[in-house]
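K.L.:
According to this note's numbering, the sequence shown is numbered sequentially starting from 192. From the three backbone atoms N, C-alpha and C, an ideal C-beta is built for every residue, glycine too. Quick caveat: nothing in here was measured; it's all calculated off a predicted structure.
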Amino acid sequence: MGVQNAGDAKGSSLKAFDLKTGKSKASVALAGERTICNDIARGPDGSLYVTNTLAPEILKLKPGASSFEVWSKAPLFDAGPNGAGLDGIVVGRDGHLYVNTYSKGELFRIEIKPDRTAGKITRIETSSPLAQPDGMRLMSDGSLLVAEGAGKLSRVTIDGDKAKVETLREIPGGASGVVQVGNSAWVAVGQHGLLFDPAKKGTAPSLPFQLVAVPLNRP
């Protein structure tokens, strides 16, 4: 397998498609020279928030805008020269933004002020470590579904500045994304170790790239 090394990336764009026809509707380049458009969250006002894995920043695209702005930037999000930084992102039921960092396995809350600017950044203390957290989605009860690249799907329930982490299912091959449909979570098997390890270039996957359904016991 093998893909382009993140350090060689020159930039990326957020793209929109018509789900009925598959036709492209929009393409907006991320601000900056070294960017990876990793994950997306939609705010209550229709703004889109994007994590840039190659820089310690969250970008924002306002409704009707044709370019991104840097909404929040902080050393807390920096993964270092050999790490992967910001990844999963979601607007919580409390109206604030939550993000995770892939290599460091951290979880943060960023205050969304009434004027929609970024406010205080708080690191959430988790009951157990998150291992390469990737895609993250909000459940109706306010908890978070988190796909962990190291190989599991977890539910994270936040209480103030702390969070309880529950493993819902081990995911061989590693989880890269998740979405809830009805009472099931559909998890994408990403096989990060195979994709991003240069030593494994050309190696055939031992597991299929697939979606795995995980039943949920609450909405």
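From the DSSP output, in three-state form, read off Ala390 for me.
P.N.:
Annotated three-state conformation of Ala390 is helix, per DSSP.
K.L.:
Taking the beta strand (DSSP E) that Gly237 falls in, what are its first and last residues?
P.N.:
Gly237 -> no beta strand (DSSP E), and no H or E assigned at all.
K.L.:
Three or more beta-carbon pairs under 8 Å between the region 263-270 and the region 359-379, yes or no?
P.N.:
Between the region 263-270 and the region 359-379 there are fewer than three C-beta pairs closer than 8 Å, too few to call the two in contact.
K.L.:
Based on Cα-Cα distance, which residue from Thr226, Phe259 and Pro254 lies nearest to Asp236?
P.N.:
The residue from Thr226, Phe259 and Pro254 with its alpha-carbon nearest to that of Asp236 is Pro254.
K.L.:
Please go through the same chain and pick out, in chain order, the residues whose beta-carbon is closer than 6 Å to the beta-carbon of Gly364, but skip the five residues on each side of it.
P.N.:
Closer than 6 Å at the Cβ level, and outside the excluded window around Gly364, lie Val380, Gln382 and Leu398.
K.L.:
Is the Cβ of Met327 closer than 8 Å to any Cβ of chain D?
P.N.:
As a matter of chain content, chain D is missing from the structure shown, which is built from one protein chain.
K.L.:
Please name the residue, chosen from Arg307, His287, Pro305 and Thr308, that lies closest to Phe299 on a Cα-to-Cα basis.
P.N.:
Closest by alpha carbon: His287.
K.L.:
How many Å lie between Val241 and Asn408 at the Cα?
P.N.:
Computed Cα separation, rounded: 30 Å.
K.L.:
Hey, could you find the ends of the beta strand (DSSP E) Arg360 is sitting in?
P.N.:
Lys353 to Glu361
K.L.:
Starting from Leu252, follow the beta strand (DSSP E) in both directions and report where the run begins and ends.
P.N.:
If you look at Leu252, you'll find it in the beta strand (DSSP E) that goes Glu248 to Leu252.
K.L.:
Looking at Leu277: is its Cβ nearer than 8 Å to the Cβ of Pro247?
P.N.:
yes
K.L.:
Nearest by alpha-carbon distance to Ala275: which of Asn243, Ile249 and Ser258 is it?
P.N.:
Asn243
K.L.:
Do Ala256 and Lys295 have their beta-carbon atoms positioned less than 8 Å apart in this structure?
P.N.:
no
K.L.:
If we ignore side chains and look at the alpha-carbon of each, how far apart do Val194 and Ala309 end up?
P.N.:
Residue confidence is low: Val194 scores 37 on pLDDT, short of 50, so the model does not pin down where it sits. No coordinate-derived value is stated.
K.L.:
Just grab the DSSP bridge partners of Met327 for me.
P.N.:
Residue pairing from DSSP places Met327 in a beta bridge opposite Val337.
K.L.:
Run the proximity test for Ser397: is its beta-carbon closer than 7 Å to any non-hydrogen atom belonging to the ligand PLP?
P.N.:
No copy of the ligand PLP appears in this structure; indeed no ligand is present at all.
K.L.:
Please work out which residues of its chain come closer than 8 Å, Cβ to Cβ, to Ala207, disregarding the five sequence neighbours upstream and downstream, and give them in chain order.
P.N.:
Result list for Ala207: Ser215, Lys216, Ala217 and Ser218, in chain order.
K.L.:
If you drop the 5 nearest sequence neighbours on each side, which residues of the same chain put their C-beta closer than 6 Å to that of Tyr289?
P.N.:
Val281, Gly283 and Arg300
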